[in-house]
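Undergrad: Protein chains in written order, with this note's numbering: chain B, 183 to 490; chain C, 80 to 534.
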């Protein structure tokens with residue numbers, strides 16, 4: 183029973199998935215979407231398990247003062263901050279944020295955020311409107327302008343709001359006051375974390391690849407055997423064929439129309455020899471995938487259940 | 080009724096209700112009907128199921144169905160052959176034979192084993208294959224009492240791996256030795272995962288590392304770090320772009336289908352090995368088909384030197400203007416059918432010689448094209464273009480140094496197309512130059528998409 187039900191589920195799911203590919207009629211055409219939705223739901227629950235596992239592993243590390251346990255504190259704090267802001271604000275890129283509410287008649291700042299209020303007021307003097315419209319809201323006349331302006335932040339950085347990302351300025355006039363509300367598009371904290379931290383950290387890891395390639399290539403290109411020499415030779419030709427200097431020398435004209443050069447050999451190596459090898463691997467892998475899928479569907483392959 | 084049966088019955092009822100509930104919603108959507116009430120659902124379901132306006136079978140996929148049927152038949156046939164007890168030989172796969180040695184080495188050195196089953200989720204078949212091998216490695220680790228660390232990039236993979244490792248420890252009678260936290264979730268982020276695993280490698284200094292599953296750019300980052308900590312490394316993936324990295328940095332690499340053959344190879348189960356033989360037979364069949372196909376294609380191209388017997392240009396003369404890109408759209412018409420043709424072509428064109436000095440012609444790679452000859456006040460150029468099946472146009476860029484052009488001018492660019500049948504066809508494209516501009520450069524773009532081939 184313990185294995186029987188999962189195997190039956192696998193068989194039916196596999197068969198339904200296979201059938202829907204060839205039969206586009208109802209109800210098979212809906213099955214793929216349904217199963218995809220189920221998978222997303224399961225993945226969402228599994229994500230909770232993953233986070234709990236992460237917290238558990240790191241809490242144990244902190245409590246037992248394992249080697250470098252301090253990093254676990256940073257990880258947990260970063261995780262909670264990211265989840266917290268993500269749950270509250272989402273991770274959208276453009277959110278309308280009111281940075282200033284200002285009574286320009288009495289020169290009084292009602293509220294401000296992110297930027298320094300005087301800097302915004304100063305920036306408003308050079309406000310260049312792109313569009314302007316008058317609307318009536320709650321019996322009051324509002325002028326909504328969109329325009330370009332520069333705002334200096336606390337640390338002296340000038341943020342430019344151009345026509346692609348304009349500032350929204352709402353002016354409400356009455357006898358006693360002229361209330362100006364300045365709204366800009368900002369990303370959420372979750373978006374900021376992603377854009378300014380995760381992206382750069384990922385790029386840093388990715389850039390390490392250049393050094394790893396150099397060290398791996400150094401080992402691979404040592405001409406210790408005939409195969410290694412072939413590898414070295416073809417690598418040398420491909421590298422020369424890819425750089426401009428390869429086009430300058432080493433040209434052999436066999437015929438008026440046939441000129442052998444490093445770029446031409448490189449193109450030949452990449453388009454024929456390399457492609458043939460890659461396709462052979464892909465073909466083998468594709469057949470392997472079909473075979474393993476059939477074995478999974480018919481219940482022959484059960485190793486992913488933990489059994490031999 | 081026992082409580083276990085009751086639980087299973089309740090579970091089955093819930094699943095059925097869920098499935099039928101979903102089908103009810105689809106049925107209603109399919110026939111645009113109200114979905115309230117069980118009778119309404121039944122009516123909608125029957126109406127949607129027997130809706131004859133939609134085709135039941137997608138005949139365009141019939142070739143795939145036949146191919147799948149043949150492959151499945153061969154594999155299942157060999158599984159039955161193996162079941163009958165026939166002695167079957169399978170070649171040695173060095174990477175899989177080395178698994179026991181790697182675990183043994185880790186035991187001798189008193190250092191842990193690190194196992195990564197790729198960075199993709201459970202829907203990826205390579206991940207499944209990787210998890211299959213994890214069971215065997217975990218069992219060996221349990222037998223030798225060697226710690227095993229399994230960092231996971233996906234939480235579903237983590238849950239499955241936990242079960243697989245736990246089962247392996249139970250199988251060898253050492254459930255107490257199973258450490259639940261040895262299988263840990265790191266992050267879904269590709270390079271975050273690479274950084275996390277690199278950190279584990281540097282701290283724990285594993286004696287054996289296994290990378291079996293789907294890998295992308297992080298493959299070399301992981302494998303090189305493993306190499307630097309002095310681990311014996313066994314990798315396996317079906318990603319052709321990552322295989323060179325693994326081959327370079329690891330001691331053993333399972334290439335492509337070897338990864339999928341691993342569970343059969345390890346289990347030595349006759350049925351599984353039968354499937355493996357069937358897989359090899361399918362590969363052989365593909366090899367024969369490729370050979371026959373290549374022979375036929377070569378023979379036909381030699382006998383009939385020209386694939387299209389007649390090439391008629393149906394290109395609309397296009398006015399090339401600043402900043403705009405226009406397409407000369409043409410279809411291929413052969414035997415009454417219209418389709419796109421994949422033809423290697425050579426393009427010749429000429430421009431008045433006096434403009435040759437002020438126009439830089441660039442090919443699609445941005446490289447300057449030099450005239451092959453200048454005669455009778457015309458400069459002649461050659462460009463090789465390969466019209467792809469889908470991307471049936473090529474871009475030719477005309478870089479105009481406007482500062483040198485004082486007056487506006489209009490002239491024809493004469494294109495000549497040399498086809499496989501070595502006949503030349505020509506079309507004139509009218510071109511304008513606006514002189515006296517302050518801009519340094521301007522570009523004339525031309526997308527060339529030809530032909531109307533009629534036999």
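We put the CB at the ideal spot given by N, CA and C, even for glycine.
Keep in mind the model is a prediction, meaning the values are calculated, not measured.
At least one CB of chain B closer than 7 Å to the CB of residue 257 (chain C): is that the case?
TA: In the second chain, residue 257 (chain C) corresponds to position 178, counting from 1. Output row for residue 257 (chain C): interface = no.
Undergrad: From the DSSP secondary-structure annotation, give me the bridge partner or partners of residue 367 (chain B).
TA: Counting from 1 along the first chain, the entry for residue 367 (chain B) is found at position 185. Note: residue 367 (chain B) sits in a beta bridge opposite B:278.
Undergrad: Take residue 350 (chain B) and list the residues in its own chain whose beta-carbon comes closer than 6 Å to its own, dropping the five residues that flank it on each side.
TA: In the first chain, residue 350 (chain B) corresponds to position 168, counting from 1. Answer for residue 350 (chain B): 328, 365, listed in chain order.
Undergrad: Less than 6 Å between C-beta atoms, sequence neighbours within five positions excluded: which residues of the same chain meet that for residue 291 (chain B)?
TA: Here residue 291 (chain B) refers to the residue found at position 109 of the first chain. Same-chain partners within the cutoff: 284, 299.
Undergrad: How far does the alpha helix (DSSP H) with residue 289 (chain C) in it reach, from first residue to last?
TA: In the second chain, residue 289 (chain C) corresponds to position 210, counting from 1. Segment 287–291 is the beta strand (DSSP E) holding residue 289 (chain C); no alpha helix (DSSP H) there.
Undergrad: Could you check which residue in C:256, C:238, C:294, C:281 has the C-alpha nearest to that of residue 270 (chain C)?
TA: The count along the second chain starts at 1 and reaches residue 270 (chain C) at position 191. When only C-alpha atoms are compared, the closest one is C:294.
Undergrad: Count the other CB atoms, across all protein chains shown, that sit within 10 Å of the CB of residue 398 (chain C); report buried if there are 16 or more and exposed otherwise.
TA: In the second chain, the residue the question calls residue 398 (chain C) occupies position 319. In this predicted model, residue 398 (chain C) has a pLDDT of only 32, less than 50, meaning its place in the structure is not dependable; the value taken from the coordinates is given anyway. When all chains shown are included, residue 398 (chain C) counts as exposed.
Undergrad: Run through the region 166–208 of chain C for me and flag every whole beta strand (DSSP E) of 3 or more residues, listed as ranges in chain order.
TA: If we require 3 residues or more, the beta strand (DSSP E) runs fully inside the region 166–208 of chain C come out as 192–195.
Undergrad: Of the choices C:128, C:374, C:292, whose alpha-carbon is the least far from that of residue 494 (chain B)?
TA: The question about residue 494 (chain B) has no answer here: the residues shown for chain B are numbered 183 through 490.
Undergrad: Less than 7 Å between CB atoms is the rule here; does residue 235 (chain B) satisfy it with respect to chain C?
TA: As a position in the first chain, residue 235 (chain B) is number 53, starting the count at 1. Output row for residue 235 (chain B): interface = yes.
Undergrad: Do you know whose CA, among C:344, C:318, C:282, C:353, lies nearest residue 460 (chain B)'s CA?
TA: On the first chain, position 278 is the one that residue 460 (chain B) refers to. Answer by Cα proximity: C:318.
Undergrad: The region 250–276 of chain C: which residues have C-beta closer than 9 Å to a C-beta of chain B, in chain order?
TA: Those would be 250, 259, 260, 262, 263, 264, 265, 266, 267, 268, 269, 270, 271, 273, 274, in chain order.
Undergrad: Flag residue 239 (chain B) as yes if its beta-carbon sits less than 7 Å from any beta-carbon of chain C, otherwise no.
TA: In the first chain, residue 239 (chain B) corresponds to position 57, counting from 1. So, interface residue.
Undergrad: Determine the DSSP secondary structure at residue 535 (chain C), reduced to helix, strand or coil.
TA: Nothing in the structure corresponds to residue 535 (chain C), since chain C is present only between 80 and 534.
Undergrad: Which residues share a DSSP beta bridge with residue 314 (chain C)?
TA: By 1-based counting over the second chain, the position of residue 314 (chain C) is 235. DSSP output for residue 314 (chain C) lists C:290, C:332 as bridge partner(s).
Undergrad: Is there at least one Cβ from chain C nearer than 7 Å to residue 471 (chain B)'s Cβ?
TA: The residue you call residue 471 (chain B) lines up with position 289 of the first chain. At least one chain C Cβ lies under 7 Å of residue 471 (chain B).
Undergrad: Under 9 Å, CB to CB, which of the residues in the region 153–175 of chain C have a partner in chain B?
TA: The region 153–175 of chain C vs chain B, Cβ under 9 Å: 154, 155, 158.
Undergrad: So what's residue 461 (chain B) in DSSP terms, helix, strand or just coil?
TA: Counting from one through the first chain, the residue named residue 461 (chain B) turns up at place 279. Note: residue 461 (chain B) maps to helix in three-state DSSP.
Undergrad: I'd like to check one pair, residue 239 (chain B) with residue 260 (chain C): are the Cβ atoms closer than 7 Å?
TA: Taking the first residue of the second chain as 1, we reach residue 260 (chain C) at position 181. Taking the first residue of the first chain as 1, we reach residue 239 (chain B) at position 57. A contact, by the Cβ cut-off of 7 Å.
Undergrad: Pairing CB atoms from the region 220–228 of chain C with CB atoms from the region 185–192 of chain C, are three or more of them under 8 Å?
TA: Cβ pair count under 8 Å is three or more, so yes.
Undergrad: Residues of chain B with CB closer than 8 Å to the CB of residue 361 (chain C), please, in chain order.
TA: Taking the second chain and counting its residues from 1, one reaches residue 361 (chain C) at position 282. Within chain B, the residues near residue 361 (chain C) are 469, 472, 473.
Undergrad: If the cut-off is 9 Å on Cβ atoms, which residues from the region 363–379 of chain C count as contacting chain B, listed in chain order?
TA: Those residues of the region 363–379 of chain C that come within reach of chain B (Cβ to Cβ, closer than 9 Å) are 365, 366, 369.
Undergrad: Considering only residues of the same chain and omitting the five flanking positions on each side of residue 479 (chain B), which have a CB-CB separation below 8 Å?
TA: Walking along the first chain from the start, residue 479 (chain B) turns up at place 297. The answer, listed in chain order, is 192, 193, 196, 197, 200.
Undergrad: Whole angstroms is fine: what's the gap from residue 282 (chain C)'s alpha carbon to residue 472 (chain B)'s?
TA: Mapped onto the second chain, residue 282 (chain C) falls at position 203. Mapped onto the first chain, residue 472 (chain B) falls at position 290. So the two alpha carbons sit approximately 40 Å from each other.
Undergrad: Assuming residue 278 (chain B) and residue 305 (chain B) make a contact with CB atoms under 8 Å, what is their CB distance in whole Å?
TA: The residue labelled residue 278 (chain B) in the question sits at position 96 within the first chain. The residue labelled residue 305 (chain B) in the question sits at position 123 within the first chain. Contact doesn't hold; Cβ gap of about 18 Å is too wide.
Undergrad: Once the 5 residues before and after residue 286 (chain B) are set aside, which same chain residues still bring their CB inside 6 Å of it?
TA: On the first chain, position 104 is the one that residue 286 (chain B) refers to. The residues are 360, 362.
Undergrad: Please list, in chain order, the chain C residues whose beta carbon lies closer than 7 Å to that of residue 232 (chain B).
TA: As a position in the first chain, residue 232 (chain B) is number 50, starting the count at 1. Near residue 232 (chain B) (Cβ distances below 7 Å), the residues of chain C are 234, 237, 264.
Undergrad: Rounded to whole angstroms, what's the CA-CA distance from residue 467 (chain B) to residue 335 (chain C)? Just pull it up for me.
TA: In the first chain, counting from the first residue as 1, residue 467 (chain B) sits at position 285. In the second chain, counting from the first residue as 1, residue 335 (chain C) sits at position 256. About 5 Å.
Undergrad: Using the three-state DSSP reduction, which class does residue 406 (chain B) fall into: helix, strand or coil?
TA: The sequence position of residue 406 (chain B) within the first chain is 224, counting from 1. The answer is coil: DSSP assigns residue 406 (chain B) none of H, G, I, E or B.
Undergrad: Which bits of chain B does residue 130 (chain C) rub up against, with CB to CB less than 7 Å?
TA: Taking the second chain and counting its residues from 1, one reaches residue 130 (chain C) at position 51. Going along chain B in sequence order, the residues near residue 130 (chain C) (Cβ under 7 Å) are 208.
Undergrad: Between which two residues does the alpha helix (DSSP H) holding residue 360 (chain C) run?
TA: Taking the second chain and counting its residues from 1, one reaches residue 360 (chain C) at position 281. 349–382 is the extent of the alpha helix (DSSP H) around residue 360 (chain C).
Undergrad: Please list the terminal residues of the continuous alpha helix (DSSP H) segment that includes residue 262 (chain C).
TA: Taking the first residue of the second chain as 1, we reach residue 262 (chain C) at position 183. Premise fails: residue 262 (chain C) lies in the beta strand (DSSP E), 262–264, not in any alpha helix (DSSP H).
Undergrad: Have a look at the DSSP bridge pairing and note the partners of residue 426 (chain B).
TA: Working through the first chain from its first residue, we reach residue 426 (chain B) at position 244. For residue 426 (chain B), which the question treats as bridged, DSSP gives no partner whatsoever.
Undergrad: Are residue 341 (chain C) and residue 153 (chain C) touching if we call contact CB-CB under 7 Å?
TA: Residue numbering aside, residue 341 (chain C) sits at position 262 when the second chain is read from its first letter. Residue numbering aside, residue 153 (chain C) sits at position 74 when the second chain is read from its first letter. No; because the gap between Cβ atoms is not below 7 Å, this pair is not in contact.
Undergrad: Once DSSP output is grouped into helix, strand and coil, what is the label at residue 323 (chain B)?
TA: The count along the first chain starts at 1 and reaches residue 323 (chain B) at position 141. Looking at residue 323 (chain B) - three-state DSSP - the assignment turns out to be strand.
Undergrad: Run the CB neighbour count on residue 130 (chain C), radius 10 Å, all protein chains shown included, and call it buried at 16 or more, exposed below.
TA: On the second chain, position 51 is the one that residue 130 (chain C) refers to. Residue 130 (chain C) is exposed by the Cβ-count criterion.
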